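**Student:** One structure coming up, written as structure tokens, with questions to follow.
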Amino acid sequence: MFGGTLAISLRNGVVFSTEWGNLDQIFQQKPSLKQNLNGNDEPSTIYGCGINVWEMRRRKLIQTIRLNPEEGGLWPVCIRMLHHAELTHGFVCTSIGSSIYHLHKCTRSGQFIADKIVSFSPVTIGPTDWPGNCPEVPAFLTDMAISMDDLNLYVCAAFHGFVAQLDISDPFRPSLTQKVFLGGIIYKCIGISELGKMPLGKSTSTQRSYNTEQIKLNGKIYEGGPCRLQLSLDGRRLFIS
14 MFGGTLAISL RNGVVFSTEW GNLDQIFQQK PSLKQNLNGN DEPSTIYGCG INVWEMRRRK
74 LIQTIRLNPE EGGLWPVCIR MLHHAELTHG FVCTSIGSSI YHLHKCTRSG QFIADKIVSF
134 SPVTIGPTDW PGNCPEVPAF LTDMAISMDD LNLYVCAAFH GFVAQLDISD PFRPSLTQKV
194 FLGGIIYKCI GISELGKMPL GKSTSTQRSY NTEQIKLNGK IYEGGPCRLQ LSLDGRRLFI
254 S
């Protein structure tokens with residue numbers, strides 16, 4: 014199982030790591046997108062769904078948190094902790110599952126817990142418009158950034174083409190406050206038939222989950238989607254690649 018990103022909690026003396034999955038199968042064997050993106054063919058054997066907790070002093074694995082692959086837990090790609098040294102709160106986003114989890118420590122058991130707090134629905138399109146005959150295209154979350162005051166979290170969705178801002182002043186009850194659309198691969202022109210559980214026609218930025226029109230830069234169609242984030246220390250500038 015190939016490891017992903019790392020995050021440190023100095024207060025607890027632990028390191029968190031995510032499991033990406035079996036890279037040989039992901040990048041070389043080209044599994045059926047229809048089976049593995051939708052979780053119908055044992056996707057956990059290809060994509061990871063675990064968060065590992067390591068004790069720094071003893072360099073020992075002390076806990077593994079398994080996310081439910083059928084409920085948005087496939088491919089935990091990024092983990093970010095709050096900056097406040099006395100707080101044990103973090104967030105994990107999944108690519109295939111397109112969900113965000115709140116990572117925190119249970120005061121009773123002393124174990125770490127990951128609760129799903131946000132989920133972005135896939136977009137249903139025609140079967141000829143997406144590789145592998147897969148009718149559902151996930152948001153495909155790839156990166157997150159937390160403001161230095163620990164009040165806002167930013168997450169980017171490469172396939173749906175948006176960057177979302179969440180209010181995490183209460184990490185147990187975050188709220189989606191804004192979306193900015195920057196390309197992606199989903200457009201009305203490719204025959205979108207359904208947007209998750211929400212009918213077409215919802216046009217507010219926080220409700221809409223895909224770009225309605227192709228973006229042009231200097232007369233050229235912008236084909237890419239947001240993949241990596243870097244937030245300035247004052248929280249006023251967000252750099253996106």
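Per the working numbering, the sequence shown starts with residue 14, numbered consecutively. Cβ atoms here follow ideal geometry from the backbone N, Cα and C, with glycine treated the same way. Keep in mind it's a predicted model, so treat the numbers as computed, not measured.
Skipping 5 residues on each side, what residues in its chain have a beta carbon closer than 7 Å to that of lysine 43?
**Tutor:** The sequence position of residue 43 within the sequence shown is 30, counting from 1. Residue confidence is low: lysine 43 scores 49 on pLDDT, short of 50, so the model does not pin down where it sits. Its coordinate-derived value is still stated next. Taken in chain order, the list of residues that qualify is empty.
**Student:** Give the secondary structure of glutamine 243 by DSSP, where H, G and I count as helix, E and B as strand, and everything else as coil.
**Tutor:** Taking the first residue of the sequence shown as position 1, residue 243 is located at position 230. It is a strand residue.
**Student:** Along the beta strand (DSSP E) that carries phenylalanine 104, what are the first and last residues, could you check?
**Tutor:** For the purposes of this step, residue 104 is identified with residue 91 of the sequence shown, where counting begins at 1. Unbroken beta strand (DSSP E) run through phenylalanine 104: 102 to 107.
**Student:** When the distance is taken between beta carbons, is aspartate 156 closer than 8 Å to histidine 97?
**Tutor:** Position 84 of the sequence shown, counted from the start, is the residue given in the question as residue 97. Position 143 of the sequence shown, counted from the start, is the residue given in the question as residue 156. Their beta carbons are not under 8 Å apart, which means histidine 97 does not touch aspartate 156 by this criterion.
**Student:** Here's the rule: buried if 16 or more other CB atoms are within 10 angstroms of the residue's CB, otherwise exposed. What is glycine 123?
**Tutor:** Here residue 123 corresponds to residue number 110 of the sequence shown, with the count starting at 1. By the 10 Å Cβ count, glycine 123 comes out exposed.
**Student:** Rounded C-beta distance between leucine 179 and asparagine 165? I'm assuming under 8 Å.
**Tutor:** To locate residue 179, count along the sequence shown from 1; it is residue 166. To locate residue 165, count along the sequence shown from 1; it is residue 152. With 8 Å as the limit, leucine 179 and asparagine 165 qualify as a contact, their Cβ atoms being about 7 Å apart.
**Student:** Apart from the five residues on each side of it in sequence, which residues of its chain come closer than 8 Å, Cβ to Cβ, to glycine 34?
**Tutor:** Locating residue 34 in the sequence shown gives position 21, where the first residue counts as 1. If we look at glycine 34 and ignore the five residues flanking it on each side, its Cβ neighbours are Met14, Phe15, Ile59, Tyr60, Gly61, Trp88.
**Student:** Checking the sheet assignment: what are the DSSP bridge partners for serine 22?
**Tutor:** Here residue 22 is taken as the residue at index 9 of the sequence shown, counted from 1. In DSSP, serine 22 forms a bridge with Val27.
**Student:** With burial defined as no fewer than 16 other Cβ atoms inside 10 Å of the residue's Cβ, what is the status of leucine 230: buried or exposed?
**Tutor:** By 1-based counting over the sequence shown, the position of residue 230 is 217. Classification of leucine 230: exposed, given that the 10 Å Cβ count is below 16.
**Student:** Who pairs with phenylalanine 15 in a beta bridge, going by DSSP?
**Tutor:** Indexing the sequence shown from 1 puts residue 15 at position 2. Per DSSP, Gly34.
**Student:** So glycine 232 and glycine 197 are supposed to be a Cβ contact under 8 Å. How far apart are they, rounded?
**Tutor:** Position 219 of the sequence shown, counting from 1, holds the residue named residue 232. Position 184 of the sequence shown, counting from 1, holds the residue named residue 197. Approximately 19 Å separates the beta-carbon atoms of glycine 232 and glycine 197; this is outside 8 Å, ruling out the contact.
**Student:** Please state whether DSSP places threonine 77 in a helix, a strand or coil.
**Tutor:** For the purposes of this step, residue 77 is taken as residue 64 along the sequence shown, with counting starting at 1. Reduced to three states, the DSSP call for threonine 77 is strand.
**Student:** Indicate the three-state DSSP secondary structure (helix, strand or coil) for glutamate 149 in the structure shown.
**Tutor:** Position 136 of the sequence shown holds residue 149. Looking at glutamate 149 - three-state DSSP - the assignment turns out to be strand.
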